[in-house]
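Input: a single structure, listed below in structure tokens.
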Amino acid sequence: DGGITQSPKYLFRKEGQNVTLSCEQNLNHDAMYWYRQDPGQGLRLIYYSQIVNDFQKGDIAEGYSVSREKKESFPLTVTSAQKNPTAFYLCASRLAGTGGHQPQHFGDGTRLSIL
Amino acid sequence: AQSVAQPEDQVNVAEGNPLTVKCTYSVSGNPYLFWYVQYPNRGLQFLLKYITGDNLVKGSYGFEAEFNKSQTSFHLKKPSALVSDSALYFCAVRDRADSSYKLIFGSGTRLLVRP
Chain A
1 DGGITQSPKY LFRKEGQNVT LSCEQNLNHD AMYWYRQDPG QGLRLIYYSQ
51 IVNDFQKGDI AEGYSVSREK KESFPLTVTS AQKNPTAFYL CASRLAGTGG
101 HQPQHFGDGT RLSIL
Chain B
1 AQSVAQPEDQ VNVAEGNPLT VKCTYSVSGN PYLFWYVQYP NRGLQFLLKY
51 ITGDNLVKGS YGFEAEFNKS QTSFHLKKPS ALVSDSALYF CAVRDRADSS
101 YKLIFGSGTR LLVRP
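Top line first, the protein sequences correspond to chains A and B.
Under this note's numbering, the first residue of the first sequence is numbered 1, with each subsequent residue one higher.
Under this note's numbering, the first residue of the second sequence is numbered 1, with each subsequent residue one higher.
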């Protein structure tokens, strides 16, 4: 079955540590996205990538970094500069070039907590 | 600036009764509109979208939504609620003129269907 796989499901970060969240898709989608979800705030866009080797900052990129070396993969690194990283992180992908109204498809998320 | 408002944090309805989850939006141009559902500790699942044409859009699991351009609304409806519909619902908008293809999400509405 095609889909988006996020790993790990739960992740704990120590002070001063960088952690990387994995996102892999086998949907052959061009665009990929990272969102942060906090209670009562909906989803906020961290980074997005519309093609390989290119990505743009979203609304809350500070303290995060990404790479897009392969079409299938869009890992997110939460750096030690992100002072409040505890949240539910969602990865999504979308088939581009089809009029812009294709929905985003989501993985099942990674819950990050501070130790 | 684009924005989405979901004015109700929670909607309570009895099983078998009709349900409505409200959404209003603000975009500078013409919108694409989406509804997603989220179950606990899962990603978002796409329910339906409005592109153009008929103002009543039908989607998955018996849900439908009514687009009202004059009121800038896109309310989600279902004629007969099920207990299994209890979940968190998100409305999202994309301005067709926005080349970033970013989605703007509302803060979410929790639907509770009581037996």
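The beta carbon of each residue, even a glycine, is placed where N, CA and C say it ideally should be.
**Prompt:** How far does the beta strand (DSSP E) with isoleucine 51 of chain A in it reach, from first residue to last?
**Reply:** Looking at the DSSP string, the run of the beta strand (DSSP E) that includes isoleucine 51 of chain A is 43 to 51.
**Prompt:** Helix, strand or coil: how does DSSP classify serine 99 of chain B here?
**Reply:** Three-state DSSP puts serine 99 of chain B in coil, outside helix and strand.
**Prompt:** How far does the beta strand (DSSP E) with phenylalanine 34 of chain B in it reach, from first residue to last?
**Reply:** For phenylalanine 34 of chain B, the enclosing beta strand (DSSP E) begins and ends at 31 to 38.
**Min CB distance serine 70 of chain B to chain A below 9 Å** = When Cβ-Cβ separations below 9 Å define contact, serine 70 of chain B makes no contact with chain A.
**Request:** Write down the C-beta distance between alanine 92 of chain B and valine 4 of chain B rounded to the nearest angstrom, noting that I regard them as a contact closer than 8 Å.
**Result:** Contact annotation, alanine 92 of chain B with valine 4 of chain B: C-beta distance approximately 6 Å; criterion of less than 8 Å satisfied.
**Request:** Just the C-alpha distance for proline 8 of chain A and alanine 87 of chain A, rounded to the nearest angstrom, thanks.
**Result:** About 14 Å.
**Request:** Decide yes or no for the touch test of the region 22 to 41 of chain A against the region 59 to 79 of chain A: beta carbon pairs closer than 8 Å, at least 3 of them.
**Result:** Yes, the region 22 to 41 of chain A touches the region 59 to 79 of chain A.
**Prompt:** What does aspartate 54 of chain A pair with, by DSSP beta-bridge criteria?
**Reply:** Paired residue(s): A:Ile51.
**Message:** Judging by CA-CA distance, which residue of B:Val113, B:Arg94, B:Arg114 and B:Ser60 is the nearest neighbour of tyrosine 25 of chain B?
**Reply:** The option with the nearest alpha carbon to tyrosine 25 of chain B is B:Arg94.
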